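The working numbering puts the sequence shown at residues 819 to 1221. Beta carbons: idealized from backbone N, C-alpha and C, even for Gly. For clarity, every value in this text was computed on a predicted model and none was experimentally measured. These notes concern the structure reproduced below.
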Amino acid sequence: MSDPKQESKFEVNKTYAEINARIKAGEAVVVTADEMTDIVRQEGPVEAARRVDVVTTGTFSTMCSSGVFLNFGQTNPTIKAQKVWINKVSAYAGIAAIDIYLGATEPAEHDPLNQVYPGDFRYGGGHVIEDLVAGKAVFLEAKAYPTDCYANTKCKKEITLAEMPYALLCNPRNAYQNYNCAVNLSDKIVYTYMGTLKPNCRNANYCSAGQLSPLLNDPLYRTIGIGTRIFLGGGVGYVTFRGTQHNPGAPRGDNGVPTRPAGTLMVQGDLKKMSADWLRGVSLRGYGTSLAVGLGIPIPILNEDMARFTGVSDEEIFTHVVDYGHDYTNGIARHYGKVSYAQLKSGEIEVAGQKVPTAPLSSLPGARKIAETLKGWIQSGKFHLGEPVDNLPSADFSFNPEK
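Okay, here's the thing in structure tokens:
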């Protein structure tokens, strides 16, 4: 049988097994995505691929499509829960006797919502998750109808995460690959999941760590797939499927990076091993509650293409400016220019000839800390790479050798 490396189109060829062996031996060269940008710029993708084994990425931002599967333990007599609340936040109980799912965006019962506009949404599912990982006791209430094998009809108790038999963070859609830059072209203030937007385009909000963001460093999902091992909520997690709204067919630049919202990931991990530093309840005025999630992904540099991808800079990553005052809510696919993340991070962009201040919803210091933490885990041999068992749906792309 011929050696597949001899048939490769790449000058540099590495395998997961080889890189993991170097990690185990303490010999792997690991850099953050910020550092890789400089290395590729100075040395080129081929030399960068020879030198670097792993690039670490990170993002810390609000991710609404998040939640937890919990088993709250049986009662005596036993119960088959029909309705469940934790700290007055409703959880879904239509799974099994004492298995429930609590969503990050579920508001507390009796919250006035937007009846008093704009609502504050001071407590919801995301805050319950933060309280649990912080070690706080929460108050659980359950109601049920009786059966011969589950006679109990109600349960009230204080419980901590440590006392629960099982707790799994399971997020159907995280780590959005690029996202809109939001403005408001209407003449009234609007409250959105992109934050508060002033009228007449007086501010612009964006939500990505740019060159540090995981899927912007592997835009075609060549190494990030089902089974990829990741930093999740301060612990170890896994990519378990493509996320809801995964859209690999979004428009892309010459570097393969999408210019609109594109790929997403479904991720999960053991909640009991996570930290309130990286899972934080969020209140978005006039919109609702959510959860800020810390997520980082190591990217193996298998060849020079992966070096090119991970060497992307904020100057080379673009997104579109979208109006959330009218267009977005009415399903109008229109944009008002394209801006780079270098421009967004500068604090000011230009929209229709008007200078507009920008603000991030994603924490850049948090993203950097995650990438550095993951780098340390790998260098110390505490974290190895998980080779995907299957790929995520992708798009056709190849670098133009003439560019």
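Which first and last residues belong to the alpha helix (DSSP H) in which residue i is found?
i	result
Y910	Note, Y910: premise wrong, no alpha helix (DSSP H); not H, not E.
K1193	L1182 to Q1197
P1128	For clarity, residue 1128 is Thr in the given sequence; the question names Pro instead. Its alpha helix (DSSP H) spans residues E1122 to T1128.
V830	Looking at the DSSP string, V830 is not in any alpha helix (DSSP H), and its letter there is neither H nor E.
Report the CB separation of residue i from residue j in whole angstroms; it is logged as a contact under 8 angstroms.
i	j	result
V1139	V1157	6 angstroms
V951	M1092	5 angstroms
T978	G953	6 angstroms
V1111	S884	6 angstroms
P1032	L1113	7 angstroms
G876	R1098	In fact, because the Cβ distance is near 15 angstroms, the residues do not count as touching under 8 angstroms.
L1120	L986	Actually they do not touch by this definition, with Cβ atoms about 30 angstroms apart.
N998	A1080	About 12 angstroms separates the two Cβ atoms, so there is no contact after all.
S1164	S879	Actually they are not in contact, since the Cβ atoms of S1164 and S879 sit about 19 angstroms apart, beyond 8 angstroms.
G937	P930	6 angstroms
P1118	I837	5 angstroms
What is the residue span of the beta strand (DSSP E) that residue i lies within?
i	result
K1163	K1163 -> not in any beta strand (DSSP E); alpha helix (DSSP H) instead, spanning Y1159 to K1163.
K901	K901 to I904
L1210	No beta strand (DSSP E) contains L1210, which DSSP labels as neither H nor E.
D1141	F1136 to D1141
T1176	Q1172 to P1178
T1107	G1106 to G1114
E1133	Counting along the chain, E1133 falls outside any beta strand (DSSP E), and DSSP gives it neither H nor E.
E1205	Per DSSP, E1205 belongs to no beta strand (DSSP E) and is neither H nor E.
Closest to residue i by CA distance: which of the options is it?
i	options	result
T1077	W1195, Y994 and R1186	Y994
T833	D871, T1046 and I857	D871
A909	A926, N1002 and D1005	A926
L1015	I841, A1177 and D1132	A1177
I1167	N1023, I1115 and A1125	N1023
R1070	T1137, Q892, N932 and L888	T1137
T1128	A1185, D938 and D852	D852
D1132	V848, M854 and G921	M854
S1212	I904, I1042 and A1027	I1042
G1143	C1019, N894, V858 and N992	C1019
G1194	G862, P1037, T850 and A839	T850
Y1159	G1028, I916, E1205 and A962	G1028
I1044	Y1011, N1021, V1008 and Q1086	Q1086
D1005	Q892, P1037 and D1141	D1141
Which value, in whole angstroms, describes the spacing of the CA atoms of residue i and residue j?
i	j	result
G1052	G942	21 angstroms
F1201	G844	11 angstroms
V864	P1066	26 angstroms
Q824	V830	With a pLDDT of 45 at Q824, under the threshold of 50, the predicted position of this residue should be treated as unreliable, though the coordinate-derived value follows. Distance between the alpha carbons of Q824 and V830 is about 11 angstroms.
F890	A969	17 angstroms
N1209	P983	32 angstroms
Y919	A980	17 angstroms
F1217	R1103	43 angstroms
G1171	T1107	35 angstroms
A1000	T1062	21 angstroms
D821	G1074	Residue placement at D821 is poorly supported in this model, since its pLDDT is 43, which falls under 50; the coordinates still yield a value, given next. Distance between the alpha carbons of D821 and G1074 is about 29 angstroms.
G828	F1215	As written in the sequence, residue 828 is Phe, which differs from the Gly given in the question. Taking the straight line joining both Cα atoms gives about 15 angstroms.
Y1105	F1059	28 angstroms
V1174	N1035	28 angstroms
L1203	M1124	15 angstroms
P1017	P895	58 angstroms
E1190	F1049	11 angstroms
C1236	R1152	As shown, the chain starts at 819 and ends at 1221. That puts residue 1236 outside it, with no answer to give.
A911	K901	6 angstroms
E948	V934	26 angstroms
M819	L1179	Any answer about M819 is weak, because its pLDDT of 33 lies below 50 and its placement is not dependable; what the coordinates show is given next. Straight-line Cα distance between these residues: approximately 52 angstroms.
T893	E1122	57 angstroms
Is residue i near the ligand ZN, with its Cβ less than 8 angstroms from a heavy atom?
i	result
E865	Although the ligand ZN was asked about, the structure shown includes no ligands whatsoever.
inquiry  = To test your reading of the DSSP string, which unbroken beta strand (DSSP E) runs of 3 or more residues are found completely within the segment 1057–1096?
reply    = 1083–1088
request  = Please specify which runs of the alpha helix (DSSP H), each continuous and at least 4 residues long, are wholly inside the segment 847–895, giving them in chain order.
outcome  = 851–869
task = Kindly provide the ranges of any alpha helix (DSSP H) runs that are 4 or more residues long and lie completely inside the segment 987–1069, ordered along the chain.
result = 1032–1035
task = Note down, one range per segment and in chain order, each beta strand (DSSP E) of at least 3 residues found wholly within the segment 917–976.
result = 917–921 and 956–961
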